[in-house]
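Heads up, the sequence shown is in our numbering, so the first residue is 2 and it goes up one at a time. Idealized CB from N, CA, C, for every residue including glycine. Quick caveat: nothing in here was measured; it's all calculated off a predicted structure. Here's the structure we're looking at; comments come further down.
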Amino acid sequence: MAQGHKATVSMVLLGLGLALAIIVSAVVLSRRHARCGPQAFAHAAVAADSKVCSDIGRAILQKHGSPVDATIAALVCTGVVHPQSMGLGGGVIFTIYNATTGAQWIGVPGELRGYAEAHRRHGRLPWAQLFRPTIALLRGDYRMPSVLSQFLQNDFLRSSLSKTSLRQLFFNGTEPLRAQDPFPWPALAATLETVATEGAEAFYTGTLGQTLLEDIANQGSRLTPQDLASFRPEVVEALAMPLGSYTLYSPPPPAGGAILSFVLNVLRGFNFSSESVARPEGSVNLYHHLVETLKFAGGQRWRLWDPRSHLEIQNASQDLLGEALAQHIRQQIDTRGDHQLSHYGLDGPSGHRMGTSHVSVLGEDGSAVAATSTINTPFGAMLYSPRTGILLNNELLDLCWRRPLGSKVTPQPVPGERPPSSMVPSIFINTAEGSKLVIGGAGGELIISAVAQAIIKKLWLGFDLRTAIAAPILHVNSNGQVEYEPNFSQVRPLSLPPLRQMPWCMLLRAPHGVSALQYLRLGTLPLLGLSGVEKLSRGGTRPILWPPRQETGCLLSMLLPGQRPLHLGLCSVLFSLEASFPSCGLSDSPTW
């Protein structure tokens, strides 16, 4: 691993996607720690979107792999278990805290080259070793995962998939495969074997990439060998936002870290605490300010344009993290909740409710990784390369949501432009107390709302991590309407002003989730990253134990999905790998 001053690293391989309220499971590497409380264990932890992928990440750590090694292995697995959400044809964002070197970000418009750069900088085990567990999974008696089966049974997706090249992968004749049906995927197994042996360049400059291009050219793709070969890593610093005793590290635009930081920066000025929300009127005051801040955050989303392609927003992150803008917004928040959209800079429907896959890892050396990956909408572009087994993303669809403030016209994409993203894999560091919070989410535009509320409850209101993640959330859509989870009514006193003035419109049905890992040092013992893990999963998976070498802290792992209904829709299918893109052809953004 690289040496030098401590830094927090964010790595971005852009591509956005959907996860269907996936049950996120935590894998705990250690035995129970007497001082860490019930369901707490001592050591490192891996949290992926499925137990099998968490197990694979765990096995990598057991072999003394780095947290980045474990993350890559878990992501490779997740592309097999949840191919509707992510895979080799998509993109990923890493936020990495290296306990010995520490913060930057790497922007790569492609999953595999991003894995390779992350591994080059922070890996420990041989590259091929990270792929072997998933190859073995595919070469064995692999069965249709239940979550993937739910997507395939959705009426809209079923009809759409049956007309695409994905039919040969997911259907048995005219019917989609059902949960636990045999699910052979030999082409992807062979691709992973090639990548494991030849490296990521087999995809970008080798025969594997050429085969993929030939397959998708037959389906209308214009992607060229030059498009693949031209992908290059970019290394920049992560955003750093002081929040009390913690510093929040998150990815800069076009990822969503600046918006998450903006929300928290505005709200911290109101000094909310467990005491201030103890009475009903205090709780109402918190939710009122939260809703109003989320409205203003929606009005700032245009700043997530790619600063590499739009020089006019080069200083967007500085503005969003700055105290001047935060103070201005605080002054705009009054007791009303029914201002016109223009008051907040909102201009109506935009964005989509697609999700992602997220992996969080905390290593025994104190290093941490938060990684979010996606192919954008369900099954991406619904474009499949049968000889490589790779599903392609439609990430450039997100370029059709962005428009200048006050404009109804969506500008045409700039060659090489990276689409805006709500993904916010984040790491909080409290150097004085020796604690860390690794957090991220799934759910498209819901991610920032869900992650912000979990952070507020944990760091400001004193909730334990279990309660902070499990608590129902609300979300403000681009129409300024407040959406909420069904059980949120238990904590939402609508009869009290100012909440009753707000346009509460609907139950929040879109799939979303938040996962987090927290390390807490016990007493005055040194921070060695050997910790206990508390796990919560609605799926009910149990921790997997691994005897510790030392016990110095408690690592709390909270991974909780949102609501489950399959409520999906696609307005169009756009293929993208950054260099090849269609005209958006939209004067008003479509809604999902």
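Through-space distance from residue j to residue i, alpha-carbon basis
i           : j           : result
residue 146 : residue 199 : 29 Å
residue 294 : residue 100 : 34 Å
residue 451 : residue 208 : 42 Å
residue 72  : residue 369 : 10 Å
residue 1   : residue 288 : Because the chain is modelled from 2 through 593, residue 1 falls outside the range shown and cannot be assessed.
residue 62  : residue 436 : 20 Å
residue 85  : residue 74  : 18 Å
residue 42  : residue 154 : Unreliable positioning characterises residue 42 in this predicted model, as indicated by a pLDDT of 38, which lies under 50. The coordinate reading is nonetheless provided below. Approximately 38 Å, taken between the alpha carbons.
residue 185 : residue 448 : 33 Å
residue 171 : residue 397 : 25 Å
residue 221 : residue 328 : 50 Å
residue 309 : residue 262 : 20 Å
residue 387 : residue 272 : 55 Å
residue 365 : residue 68  : 9 Å
residue 486 : residue 117 : 39 Å
residue 426 : residue 252 : 7 Å
residue 126 : residue 341 : 55 Å
residue 161 : residue 152 : 11 Å
residue 479 : residue 177 : 35 Å
residue 214 : residue 174 : 26 Å
residue 283 : residue 463 : 15 Å
residue 298 : residue 399 : 18 Å
residue 197 : residue 132 : 6 Å
residue 123 : residue 70  : 8 Å
residue 94  : residue 316 : 21 Å
residue 157 : residue 324 : 46 Å
residue 330 : residue 300 : 11 Å
residue 237 : residue 467 : 33 Å
residue 519 : residue 471 : 15 Å
residue 194 : residue 249 : 38 Å
residue 189 : residue 51  : 19 Å
residue 88  : residue 167 : 14 Å
residue 164 : residue 91  : 22 Å
For residue j and residue i, believed in contact at Cβ under 8 Å, the rounded distance
i           : j           : result
residue 138 : residue 47  : The pair is not a contact, with the Cβ atoms about 16 Å apart (cut-off 8 Å).
residue 393 : residue 217 : 6 Å
residue 296 : residue 445 : No, residue 296 and residue 445 are not in contact; Cβ-Cβ is about 18 Å, not under 8 Å.
residue 596 : residue 212 : The chain is shown from 2 up to 593; residue 596 falls before or after that span and cannot be answered.
residue 334 : residue 290 : 6 Å
When the options are compared against residue i, the one with the closest alpha-carbon
i           : options               : result
residue 285 : 475, 55 and 316       : 475
residue 419 : 306, 341, 348 and 368 : 306
residue 128 : 112, 336, 66 and 515  : 66
residue 423 : 241, 468, 415 and 258 : 258
residue 314 : 338, 291, 255 and 271 : 255
residue 321 : 242, 332 and 463      : 242
residue 96  : 262, 299, 360 and 126 : 360
residue 428 : 98, 51 and 58         : 98
residue 149 : 214, 303 and 179      : 179
residue 465 : 417, 517 and 421      : 517
residue 265 : 173, 91, 318 and 456  : 456
residue 347 : 357, 189 and 302      : 302
residue 204 : 141, 421, 469 and 114 : 114
residue 267 : 280, 244, 248 and 250 : 244
residue 336 : 378, 292, 50 and 304  : 292
residue 395 : 431, 280 and 224      : 224
residue 191 : 453, 391 and 432      : 391
residue 434 : 247, 319 and 64       : 247
residue 142 : 167, 57, 121 and 183  : 183
residue 269 : 45, 454 and 58        : 454
residue 430 : 472, 470 and 363      : 363
residue 121 : 50, 201, 488 and 232  : 201
residue 459 : 515, 89 and 339       : 515
residue 119 : 166, 76 and 415       : 76
residue 187 : 219, 210, 144 and 159 : 144
Residues that DSSP places opposite residue i in a beta bridge
i           : result
residue 380 : Looking at the DSSP assignment, residue 380 forms no beta bridge with any residue, so it has no partner.
residue 296 : Partner(s): none; residue 296 has no beta bridge.
residue 177 : 172
residue 219 : Answer by DSSP bridge pairing: none, since residue 219 is not bridged.
residue 431 : 436
residue 373 : 94 and 359
residue 247 : 244
residue 282 : Its beta-bridge partners do not exist; DSSP assigns none.
residue 391 : 386
residue 144 : 183
residue 476 : 484
**Segment contact flag, the segment 270-284 with the segment 227-234, C-beta cutoff 8 Å, min 3 pairs** = no
**Request:** Say whether the segment 427-444 touches the segment 376-394, bearing in mind that this needs 3 or more beta-carbon pairs closer than 8 Å, one atom from each stretch.
**Result:** no
**Given 8 Å, three or more beta-carbon pairs between the segment 75-88 and the segment 363-382** = yes
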